[in-house]
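Structure record follows, encoded as structure tokens.
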Amino acid sequence: MKNRVKILILLLTLLSIIGCGGKESNENYLKISTWKGGGEDFLSEMTDLYQKENPDVKIEIEVVDATQYDNNMKIRNTANQLSDIFTTRVTTMEMYKDSVISLDDIEASSINPYAAKFKVNGKIQGIPIYAFREYVYYNKNIFNELGLQIPTTWNEFISIVKKINVNNKYIPLSLGAKDSWVVYPFNEFMPFLEPKGNDIWSGMAEDNTPFSKGKPFYEAYKKINQLYSLKPAGDDPLGYGWNQGKDMFLGNKTAMLAAGQWFWGELGEEVPQNTKDNIGVFLLPVRDTKVDKFRTLTMAETFLSIPKTTKNKELAKDFINFMAKNSDKVKSNKDTIQPNGESKVGSLFATAIKKTKETGELVDVLNHGGGDKFLKISNSIQFNVKTMGQEMLMNKDFEKYMEKYNKKWSESRKKIN
């Protein structure tokens, strides 16, 4: 009897996770699943537009808690219960390579400038909802007061941090690392911005010692260590989180904040216009000299994929094609990179890009997520760049820190190979 009860509880739990019984099978119905913060506003607006032209189609948008989404989709995939359209990330696309249909032949693949650049096993299996670049937001009044210029090299950026510290009136950088994800513009993305940093995760999977001097990861982290050693976020960067850091920036207590274009949209109408007018942006300069190419990361985000198990493939394809052709018509997409690959003309982002191009050649680097081998190695040693950011803020011995990771990585790679 106890075993029967256990089996019943297990079945009920699985059914609640995969949403069994909630999926309609008629040809005029689509269910779309994404995570909270994974473009649900965009999808909602796009759904309204689509249904105006297709009133007979019913579309249900399911938003799953971001911390549960990936595991939830894994379970559904195992049970063949994925929604008609579901979203994937750069870092999770690989795991669905045998479960989704190819989108190479649909119109959206030729319209979207990033779809073909994220092929898995030679096929397009997801169309990104949007893309955005990473920026440093800065307080114009503080920069003007202290006579600071927009930096175009890493040393110039470091010089700004030092000057603000010497002034002792403001904190240079909002970096509420109590929330580990906040360090991502530095610890996650800077290795991509070093020369030879393209597709860095896949490259690391083929290297026994990727944390060695002269290699992209080491060189980027050496710069990050230089920055963190200056205490750019105050004496206790692990004592406050993202929301407090954001309030500090908007309240004129910190001079800079690093985040993607998404941050501008997050400000919303509750932030006074005069506060917004006081905000400027520039691309984080990681290059060593002005002669070097200016590398900047472009994030393609929230890929729409269609599982092989759906009974409504053609309707799902039609919705994704409609999205690609009309993505510039929705408000939630206005501050991201448009389908032509550029920011909205006249925006503060377009202005920053124009100014950067005046200082040298601008190279867009894409955030490829690595393959199976990288995931196996990184998972086996619990490799987490955001956690590393928190640890580095505690003033670790940098050389020993890199040596430790070289040893762990090499040992794991040998076992996996």
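Each residue of the sequence shown is one higher than the last, beginning at 2 in our numbering. Positions of the beta carbon are idealized from the N, C-alpha and C atoms, including for glycine.
Mind checking who residue i pairs with in its DSSP beta bridge?
| i | result |
| --- | --- |
| residue 257 | 139 and 174 |
| residue 329 | Answer is none; residue 329 lacks a bridge partner. |
| residue 59 | 30 |
| residue 121 | 124 |
| residue 491 | Outside the modelled stretch of the chain, which goes from 2 to 418, sits residue 491, for which no answer is possible. |
| residue 152 | In the DSSP output, where bridge partners are listed per residue, residue 152 has none listed. |
| residue 186 | Beta-bridge pairing links residue 186 to no other residue. |
| residue 134 | 299 |
| residue 367 | 299 |
| residue 129 | 304 |
| residue 64 | 35 |
| residue 101 | 308 |
What residues in its chain sit with their C-beta under 7 Å from that of residue i, if we drop five residues either side in the sequence?
| i | result |
| --- | --- |
| residue 311 | 85 and 317 |
| residue 383 | none |
| residue 377 | 417 |
| residue 242 | 177, 179 and 180 |
| residue 7 | Note that residue 7 scores 37 on pLDDT, short of 50, meaning its location in the model is unreliable and no value can be drawn from it. |
| residue 32 | 24, 61, 63, 84 and 85 |
| residue 52 | 58 and 60 |
| residue 145 | none |
| residue 264 | 138 |
| residue 147 | 164, 165 and 168 |
| residue 394 | 178, 229, 238 and 239 |
| residue 272 | 251 |
| residue 159 | 227 and 228 |
| residue 277 | 268 |
| residue 314 | 102 and 307 |
| residue 204 | none |
| residue 208 | none |
For residue i, which residues in the same chain have their Cβ closer than 6 Å to its Cβ, ignoring the five residues on either side in sequence?
| i | result |
| --- | --- |
| residue 282 | 136, 138, 349 and 353 |
| residue 187 | 225 |
| residue 189 | 386 |
| residue 34 | 63, 84 and 87 |
| residue 1 | For the chain, the structure presents residues 2 to 418; residue 1 sits outside this window and is missing. |
| residue 374 | 206 |
| residue 36 | 65, 67 and 70 |
Which same chain residues, not among the five before or five after residue i, have their C-beta less than 8 Å away from its C-beta?
| i | result |
| --- | --- |
| residue 29 | 57, 58, 59 and 316 |
| residue 356 | 151 and 283 |
| residue 309 | 100, 101 and 102 |
| residue 166 | 173, 231, 232 and 233 |
| residue 120 | 126 |
| residue 286 | 152, 153, 154, 155, 157, 158 and 295 |
| residue 432 | Past the edges of the chain, shown from 2 to 418, lies residue 432, and the structure says nothing about it. |
Write down the C-beta distance between residue i and residue j rounded to the nearest angstrom, noting that I regard them as a contact closer than 8 Å.
| i | j | result |
| --- | --- | --- |
| residue 429 | residue 304 | Because residue 429 is not part of the residues shown, which for the chain are 2 to 418, the question remains open. |
| residue 410 | residue 211 | 6 Å |
| residue 331 | residue 133 | Between residue 133 and residue 331 the Cβ distance is about 15 Å, and since that is not below 8 Å, they are no contact. |
| residue 1 | residue 130 | Absent from the structure is residue 1, since the part of the chain shown begins at 2 and ends at 418. |
| residue 141 | residue 279 | 5 Å |
| residue 291 | residue 361 | 6 Å |
| residue 296 | residue 155 | The pair is not a contact, with the Cβ atoms about 11 Å apart (cut-off 8 Å). |
| residue 294 | residue 364 | 5 Å |
| residue 104 | residue 128 | 6 Å |
| residue 38 | residue 67 | 5 Å |
| residue 193 | residue 298 | 5 Å |
| residue 213 | residue 219 | 6 Å |
Verify the CB distance criterion: does residue i have a CB-CB separation below 8 Å to chain B?
| i | result |
| --- | --- |
| residue 373 | Note that chain B does not occur in the displayed structure, where there is just one protein chain. |
Stretch-stretch touch, CB-based, cutoff 8 Å, three pairs: the region 362-379 with the region 85-98: yes
Residue ranges of each alpha helix (DSSP H) within the region 252-308, 4 or longer: 263-268 and 274-278
Within the region 195-238, ranges of the beta strand (DSSP E) (whole runs, at least 3 residues): none
Three or more C-beta pairs below 8 Å linking the region 244-264 and the region 160-179: yes
Contact the region 185-205 vs the region 395-406: 3+ CB pairs below 8 Å: no
The region 320-329 touching the region 114-134, judged by at least three CB pairs closer than 8 Å: yes
Segment contact, 8 Å Cβ cut-off, at least three pairs: the region 155-174 with the region 232-240: yes
In chain order, each alpha helix (DSSP H) run of at least 4 residues that lies wholly inside the region 376-413: 386-393
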